[in-house]
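Residue numbers (my numbering), protein chains in the order written: chain Z, 65 to 291; chain X, -3 to 76.
Notes follow the structure.
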Amino acid sequence: MSSARVGVITFPGSLDDRDAARAVGLAGAVPVPLWHDDHDLKAVDAVVLPGGFSYGDYLRGGAIARFAPVMTELIPAARAGLPVLGICNGFQILCEAHLLPGALPRNGTLHFVCRDQRMRIENNSTAWTSDYAKDQEVVIPIKHGEGRYVADAATLDALERGGLVVARYLGENPNGAMNDIAGISNEAGNIVGLMPHPEHAVEELIGAPGTDGLGFFTSILKKLVNA
Amino acid sequence: MARVIVDVMLKPEILDPQGQAIARALPRLGFDGVTGVRQGKRFEVELEGPADEAALAEVRKIAETLLANPVIEDFTLHVE
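Encoded structure:
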């Protein structure tokens, strides 16, 4: 095990923080629990914002979590280059915090979707995707009611032209996301937001479709070890 | 004491599947002649003091910081 330390923030209502920490450990890094109410990132080398329903997702998904004490530490650190992966609710929090553009309102179908989803990793130059081949097709679970990525035309254009679409749904679009977007990154590539749950696809035994999600966690480990 | 109402609506260009679902239910209930429904949120903000300009500016800040997500939503204020 390396000494790379990856923090996983727990908000009230987070559900997948333990799975995320487990995935970090399986990849070979040290998971560090972080608490929403602490002004403390414990000097971690990277941070995962896990899935769930932070603060009950009252108002909008991620809208209240964005103002959590730990976020007042995380936002400037992320802007300064700290690698951050937001998964599902974590992606919503990153959008609400304006660390990533766009928003994730209610699915177009109004249905909560829970399934193994095919997608393509289109950008393998981010801190979280370097272990994938460019345009590698993977199957990773999705489970959300509010995951329809939307952004204005100029933002979409900038994402597409900049190669900032990290993951794109293949087959039927599960939620009505614009341009079939499943995940994006900022220009620096340190901040990535994903609707799919890679932490649920890291073990042959229980990973629903396989281990296609492990690459997100091994990618960050490699980056930290080589840094 | 004053009450300021903040109405938050999805921007016109953002798909509103909830509003669409409501609109589709109306004919089944016998309500005809409705061409569209959009669903929003209404917040009733109670103030300690009067709804003067400074207080309204504050509520506007609350609205754009927390109550609405300006990426996808517009809001309006009025004093009740």
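Even for Gly, the Cβ is constructed at its ideal location relative to N, Cα and C.
The structure displayed is predicted, hence computed values, not measured ones.
Range covered by the alpha helix (DSSP H) that runs through residue i
i: G77/X; result: As shown, chain X starts at -3 and ends at 76. That puts residue 77/X outside it, with no answer to give.
i: R82/Z; result: 81 to 91
i: A50/X; result: 49 to 58
i: E224/Z; result: 217 to 225
Residue i and residue j closer than 9 Å at C-beta
i: F39/X; j: V75/X; result: no
i: V203/Z; j: G150/Z; result: no
i: G125/Z; j: L285/Z; result: no
i: M(-3)/X; j: E54/X; result: no
i: I185/Z; j: G120/Z; result: no
i: G24/Z; j: V96/Z; result: The requested residue 24/Z does not occur in the structure, where chain Z is confined to residues 65 to 291.
i: V230/Z; j: T275/Z; result: no
i: D244/Z; j: N237/Z; result: yes
i: G277/Z; j: A265/Z; result: yes
i: R212/Z; j: M242/Z; result: yes
i: G235/Z; j: G172/Z; result: no
i: P133/Z; j: D109/Z; result: no
i: I270/Z; j: L164/Z; result: no
i: A197/Z; j: N188/Z; result: yes
Alpha-carbon spacing of residue i relative to residue j, whole angstroms
i: R170/Z; j: F71/X; result: 19 Å
i: L168/Z; j: R82/Z; result: 24 Å
i: I128/Z; j: S118/Z; result: 8 Å
i: P66/X; j: A59/X; result: 9 Å
i: V94/Z; j: D195/Z; result: 19 Å
i: L52/X; j: G36/X; result: 21 Å
i: A141/Z; j: R(-1)/X; result: 39 Å
i: Q16/X; j: T31/X; result: 10 Å
i: F75/Z; j: W99/Z; result: 7 Å
i: D28/X; j: A215/Z; result: 34 Å
i: A217/Z; j: I248/Z; result: 15 Å
i: R34/X; j: V177/Z; result: 23 Å
i: K106/Z; j: V88/Z; result: 16 Å
i: R18/X; j: G209/Z; result: Sequence inspection shows Ile at residue 18/X; the Arg mentioned does not correspond to that position. One C-alpha to the other measures close to 18 Å.
i: R56/X; j: G45/X; result: 16 Å
i: F131/Z; j: E268/Z; result: 37 Å
i: M259/Z; j: D48/X; result: 43 Å
i: L228/Z; j: L25/X; result: 46 Å
i: D180/Z; j: A50/X; result: 52 Å
i: R69/Z; j: G77/Z; result: 23 Å
i: A291/Z; j: A191/Z; result: 11 Å
i: P8/X; j: E69/X; result: 9 Å
i: P273/Z; j: L73/X; result: 49 Å
Beta-bridge partners of residue i, as assigned by DSSP
i: S249/Z; result: V256/Z
i: E42/X; result: R(-1)/X
i: F71/X; result: V4/X
i: S78/Z; result: G116/Z
i: P97/Z; result: V72/Z
i: A127/Z; result: Bridge partners of A127/Z: none, in fact.
i: K37/X; result: V4/X
i: A110/Z; result: V70/Z
i: I185/Z; result: Q200/Z, A231/Z
i: V214/Z; result: A167/Z
Helix, strand or coil at residue i according to DSSP, with G and I counted as helix
i: L163/Z; result: coil
i: E137/Z; result: helix
i: S118/Z; result: helix
i: D180/Z; result: strand
i: K286/Z; result: helix
i: E268/Z; result: coil
i: G150/Z; result: strand
i: A291/Z; result: coil
i: P205/Z; result: strand
i: I157/Z; result: helix
Boundaries (first-last residue) of the beta strand (DSSP E) holding residue i
i: R232/Z; result: 229 to 233
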